[in-house]
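Reviewing the structure listed below.
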């Protein structure tokens with residue numbers, strides 16, 4: 022069984038400030054982990070993924086996430102928020118080893134304040 | 043990367059009717075998935091649709107309520123049958139589009155927002 026918990030359904034940051042979106046996972050087997058972003062009226066798109074290579078993963082738009090097994094975490098960060106980062110962000114997990122079912126978190130809406 | 047088009051983008055339906063959502067991918071894909079996105083809840087997988095076989099439904103979803111077709115490698119439909127207000131939701135089509143990584147990386151359509159009165 023697998024699940025993800027996203028802490029904070031809404032996060033507000035000032036433009037230029039650090040973005041930190043939290044995700045903790047639970048998985049009975051080594052996981053693959055993902056972050057997706059959803060802009061208004063659009064489908065989800067992949068930001069980045071962890072597939073058991075480097076623990077620090079860089080994605081699009083300056084985002085990165087670090088896999089920490091000891092903390093069962095995969096938090097998403099960006100050093101400096103931009104207005105265009107306002108969106109909903111979903112953490113997701115699947116078992117490693119093949120094209121397996123992906124389980125999503127509840128999502129975190131990021132608001133960027135000018 | 044692949045582009046997925048869904049229609050309708052939104053609809054308002056009467057209780058007891060059925061609605062079919064269409065999903066078109068601009069390239070051939072093996073695995074397609076249908077999700078439901080309800081406010082304040084995570085995306086919930088309804089079923090996996092592979093071409094040439096019956097859809098595989100997740101716990102809590104049945105074929106009579108959500109029949110799925112997958113006639114070829116670029117197209118799928120989801121029907122929401124005998125709708126009730128509880129079916130009001132966003133329905134998302136997705137496809138596994140990253141071949142070779144070993145991970146189920148998904149591309150999503152923009153979703154179909156259904157409101158049932």
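Residue numbers (my numbering), protein chains in the order written: chain A, 22 to 135; chain F, 43 to 159.
Cβ coordinates follow ideal geometry from the N, Cα and C atoms, glycine included.
Where residue i falls, given that 16 or more other Cβ within 10 Å makes a residue buried
{"i": "residue 104/A", "result": "exposed"}
{"i": "residue 54/F", "result": "exposed"}
{"i": "residue 83/F", "result": "exposed"}
{"i": "residue 124/F", "result": "exposed"}
{"i": "residue 75/A", "result": "exposed"}
{"i": "residue 79/F", "result": "buried"}
{"i": "residue 63/A", "result": "exposed"}
{"i": "residue 129/A", "result": "buried"}
{"i": "residue 46/F", "result": "buried"}
Opposing strand residues paired with residue i [DSSP bridges]
{"i": "residue 74/F", "result": "91/F, 137/F"}
{"i": "residue 79/F", "result": "85/F, 132/F"}
{"i": "residue 57/F", "result": "Answer by DSSP bridge pairing: none, since residue 57/F is not bridged."}
{"i": "residue 76/A", "result": "Bridge partners of residue 76/A: none, in fact."}
{"i": "residue 133/A", "result": "34/A"}
{"i": "residue 110/F", "result": "120/F"}
{"i": "residue 57/A", "result": "67/A, 111/A"}
{"i": "residue 100/F", "result": "Residue 100/F is not bridged to any residue."}
{"i": "residue 64/F", "result": "49/F, 119/F"}
Rounded straight-line distance, which links the Cα of residue j to that of residue i
{"i": "residue 79/A", "j": "residue 23/A", "result": "23 Å"}
{"i": "residue 70/F", "j": "residue 115/F", "result": "5 Å"}
{"i": "residue 152/F", "j": "residue 51/F", "result": "8 Å"}
{"i": "residue 118/F", "j": "residue 74/F", "result": "8 Å"}
{"i": "residue 25/A", "j": "residue 99/F", "result": "21 Å"}
{"i": "residue 45/A", "j": "residue 52/A", "result": "12 Å"}
{"i": "residue 106/F", "j": "residue 63/F", "result": "15 Å"}
{"i": "residue 76/F", "j": "residue 90/A", "result": "30 Å"}
{"i": "residue 92/A", "j": "residue 50/A", "result": "15 Å"}
{"i": "residue 131/F", "j": "residue 117/A", "result": "30 Å"}
{"i": "residue 92/F", "j": "residue 72/F", "result": "6 Å"}
{"i": "residue 66/A", "j": "residue 122/F", "result": "25 Å"}
{"i": "residue 28/A", "j": "residue 139/F", "result": "29 Å"}
{"i": "residue 59/A", "j": "residue 111/A", "result": "8 Å"}
{"i": "residue 47/A", "j": "residue 95/A", "result": "11 Å"}
{"i": "residue 102/A", "j": "residue 104/F", "result": "43 Å"}
{"i": "residue 48/F", "j": "residue 61/A", "result": "15 Å"}
{"i": "residue 38/A", "j": "residue 101/F", "result": "42 Å"}
{"i": "residue 109/A", "j": "residue 129/F", "result": "22 Å"}
{"i": "residue 83/A", "j": "residue 127/A", "result": "23 Å"}
Contacts around residue i, its chain only, beta-carbon distance under 8 Å, and the 5 residues preceding and following it disregarded
{"i": "residue 85/A", "result": "69, 77, 78, 79, 97, 98, 99"}
{"i": "residue 44/F", "result": "67, 68, 69, 71, 137, 139, 149"}
{"i": "residue 107/A", "result": "131, 132, 133"}
{"i": "residue 146/F", "result": "73, 138"}
{"i": "residue 60/F", "result": "121, 122, 123, 124, 125"}
Beta-carbon proximity list for residue i, same chain, < 7 Å, skipping 5 on both sides
{"i": "residue 113/F", "result": "none"}
{"i": "residue 126/F", "result": "57, 158"}
{"i": "residue 41/A", "result": "96, 98"}
{"i": "residue 121/A", "result": "115"}
Other residues of its chain near residue i: CB distance less than 6 Å, five sequence neighbours each side excluded
{"i": "residue 150/F", "result": "134, 136"}
{"i": "residue 113/A", "result": "55, 123, 125"}
{"i": "residue 110/F", "result": "89, 91, 97, 120"}
{"i": "residue 71/A", "result": "54, 78, 88"}
{"i": "residue 135/A", "result": "36"}
{"i": "residue 213/F", "result": "Past the edges of chain F, shown from 43 to 159, lies residue 213/F, and the structure says nothing about it."}
Residue i CB to nearest heavy atom of the ligand MN below 8 Å
{"i": "residue 52/F", "result": "Annotation note on the ligand MN: not contained in the displayed structure, which lists no ligands."}
**Request:** Output, in sequence order along the chain, the residues in the segment 27-57 of chain A whose CB is closer than 9 Å to any CB in chain F.
**Result:** 27, 30, 53, 55, 57
**Request:** Pull out every residue of the segment 142-159 of chain F whose Cβ sits closer than 8 Å to any Cβ of chain A, in chain order.
**Result:** 143, 144, 145, 146, 147, 148, 149, 150, 151, 152, 153
**Message:** For the segment 112-129 of chain A, list every residue whose C-beta sits within 9 Å of some C-beta in chain F, in sequence order.
**Reply:** Contact annotation: in the segment 112-129 of chain A, residues whose CB is within less than 9 Å of a CB in chain F are 113, 115, 117, 118, 119, 120, 121, 122, 123, 124, 125, 126, 127, 128.
**Prompt:** If contact means a Cβ-Cβ distance below 7 Å, which residues of the segment 78-110 of chain A contact chain F?
**Reply:** none
**Request:** With 7 Å as the C-beta to C-beta threshold (strictly closer), list the residues of the segment 54-81 of chain F near chain A in chain order.
**Result:** Cβ contacts with chain A: 73.
**Asked** Using a Cβ cut-off of 7 Å, which residues of the segment 83-95 of chain F contact any Cβ in chain A, in chain order?
**Response** If you check each beta-carbon in the segment 83-95 of chain F against every beta-carbon of chain A, the ones closer than 7 Å belong to 83, 84, 85, 87.
**Message:** Any C-beta of chain F within less than 8 Å: which residues of the segment 61-79 of chain A qualify?
**Reply:** Within the segment 61-79 of chain A, the residues whose Cβ lies closer than 8 Å to some Cβ of chain F are 62, 63, 64, 65, 66, 67, 70, 72, listed in chain order.
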